[in-house]
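Student:
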Amino acid sequence: MATRLFATLQTALSCLMLAVWLHHIVPVHAEVIPIDRVVAVVDDDVIMESELNQKTGEVLFRLKQNNTAVPPEQILREQVLNKMIVDSIQLQKAEQGGIKISQAELEQTITRIAAQNRMSPQEFIDFAAASGLDPDSIVEGIRRDIILQQLQRIIIDKKIEITEREIDD
Numbered sequence: 071m072a073t074r075l076f077a078t079l080q081t082a083l084s085c086l087m088l089a090v091w092l093h094h095i096v097p098v099h100a101e102v103i104p105i106d107r108v109v110a111v112v113d114d115d116v117i118m119e120s121e122l123n124q125k126t127g128e129v130l131f132r133l134k135q136n137n138t139a140v141p142p143e144q145i146l147r148e149q150v151l152n153k154m155i156v157d158s159i160q161l162q163k164a165e166q167g168g169i170k171i172s173q174a175e176l177e178q179t180i181t182r183i184a185a186q187n188r189m190s191p192q193e194f195i196d197f198a199a200a201s202g203l204d205p206d207s208i209v210e211g212i213r214r215d216i217i218l219q220q221l222q223r224i225i226i227d228k229k230i231e232i233t234e235r236e237i238d239d
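Heads up, the sequence shown is in my numbering, so the first residue is 71 and it goes up one at a time.
#1: Quick one: is I226 buried, meaning 16 or more other Cβ sit within 10 Å of its Cβ, or exposed?
#2: Classify A110 as helix, strand or coil using the three-state DSSP reduction.
#3: Give the secondary structure of I117 by DSSP, where H, G and I count as helix, E and B as strand, and everything else as coil.
#4: Nearest to I145 by CA position, among A185, A174, G211, V129, is which residue?
#5: Contact between the segment 210-222 and the segment 174-184 is defined here as three or more beta-carbon pairs at a separation below 8 Å; is this criterion met?
#6: By DSSP, does V140 sit in helix, in strand, or in coil?
#7: In the segment 148-178, which residue ranges form an unbroken beta strand (DSSP E) of at least 3 residues, counting only runs that do not cross its ends?
#8: Specify the secondary structure class of L133 as computed by DSSP and reduced to three states.
#9: Where does R132 land, buried or exposed, given buried means 16+ other C-beta within 10 angstroms?
#10: Using the C-alpha atoms, what's the distance from E119 back to P104?
#11: With M154 and I183 assumed to form a contact (beta carbons below 8 Å), what rounded beta-carbon distance in angstroms separates them?
#12: Below 9 Å between beta carbons: does that hold for A199 and P191?
#13: Could you pull the start and end residues of the alpha helix (DSSP H) that P104 belongs to?
#14: Excluding five sequence neighbours on each side, which residues of the same chain lie with their C-beta closer than 8 Å to the C-beta of I171?
#15: Which term fits S158, buried or exposed, when burial requires 16 or more other beta carbons within 10 angstroms of its beta carbon?
Listed below in structure tokens is the structure:
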């Protein structure tokens with residue numbers, strides 16, 4: 071009986087020591103890792119907080135680069151989010167209308183933008199990366215801008231056609 075009691079106490083003591091040891095090695099509270107969250111749903115598109123943060127950073131970079139006054143952070147985020155929502159709606163309309171750009175057209179535009187800044191296309195991309203901007207998002211932003219410009223041209227052309235027809239009548 072005493073042996074059994076001793077064995078039980080020894081097991082309990084071993085478990086207690088193991089618990090104390092694990093307490094020091096394994097954190098009791100897990101680290102909180104922020105998860106990306108949805109900030110807006112636009113028809114078939116979702117705008118994530120990480121996208122808003124990235125776009126806000128890009129706008130902030132451009133404002134500082136041009137020595138433009140920077141609005142308070144909350145106002146800037148709201149303005150950027152509103153622009154992202156409008157762009158999303160327009161990009162969905164462009165996709166529905168079959169508006170696409172070729173890789174060659176995208177590369178020509180990047181070359182033109184780089185030349186305006188007295189750089190080669192690779193220097194332009196490297197400069198963006200060195201400035202803390204994601205080169206892939208810069209290229210994607212340029213692609214989106216081209217599509218939006220084409221959509222806006224189509225909309226303006228339709229308005230002009232209607233106006234000319236109305237004049238003829």
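Note that the Cβ used here is the ideal one computed from N, Cα and C, for glycine as well. The structure presented is a predicted model; accordingly, all values stated were derived computationally and were not measured.
Tutor: Let me spell this out:
#1: Counting from one through the sequence shown, the residue named residue 226 turns up at place 156. I226 should be labelled exposed.
#2: Counting from 1 along the sequence shown, the entry for residue 110 is found at position 40. It is a strand residue.
#3: In the sequence shown, the residue the question calls residue 117 occupies position 47. Here I117 sits in strand by DSSP.
#4: Against the sequence shown, residue 145 aligns to sequence position 75. Answer by Cα proximity: V129.
#5: Yes, the segment 210-222 touches the segment 174-184.
#6: As a position in the sequence shown, residue 140 is number 70, starting the count at 1. Secondary structure of V140 (DSSP, three-state): coil.
#7: Restricted to the segment 148-178, not a single beta strand (DSSP E) segment is unbroken, complete and at least 3 residues in length.
#8: On the sequence shown, residue 133 is found 63 positions in, with the first residue counted as 1. Helix at L133.
#9: Along the sequence shown, read from residue 1 onward, the residue named residue 132 stands at position 62. Counting the other CB atoms within 10 Å of its CB gives R132 a total below 16, which places it among the exposed residues.
#10: Counting from one through the sequence shown, the residue named residue 104 turns up at place 34. Counting from one through the sequence shown, the residue named residue 119 turns up at place 49. Approximately 11 Å between the Cα atoms of the pair.
#11: On the sequence shown, residue 154 is found 84 positions in, with the first residue counted as 1. On the sequence shown, residue 183 is found 113 positions in, with the first residue counted as 1. Going by Cβ atoms, the distance from M154 to I183 rounds to 21 Å, so no, they are not a contact pair.
#12: The residue given as residue 199 occupies position 129 in the sequence shown. The residue given as residue 191 occupies position 121 in the sequence shown. In this structure, A199 lies away from P191, with their beta-carbon atoms at least 9 Å apart.
#13: Position 34 of the sequence shown holds residue 104. Segment: none, P104 is in no alpha helix (DSSP H) and carries neither H nor E.
#14: Counted from its first residue, the sequence shown places residue 171 at position 101. The residues are R213, I216, I217, Q220.
#15: Walking along the sequence shown from the start, residue 158 turns up at place 88. When all chains shown are included, S158 counts as buried.
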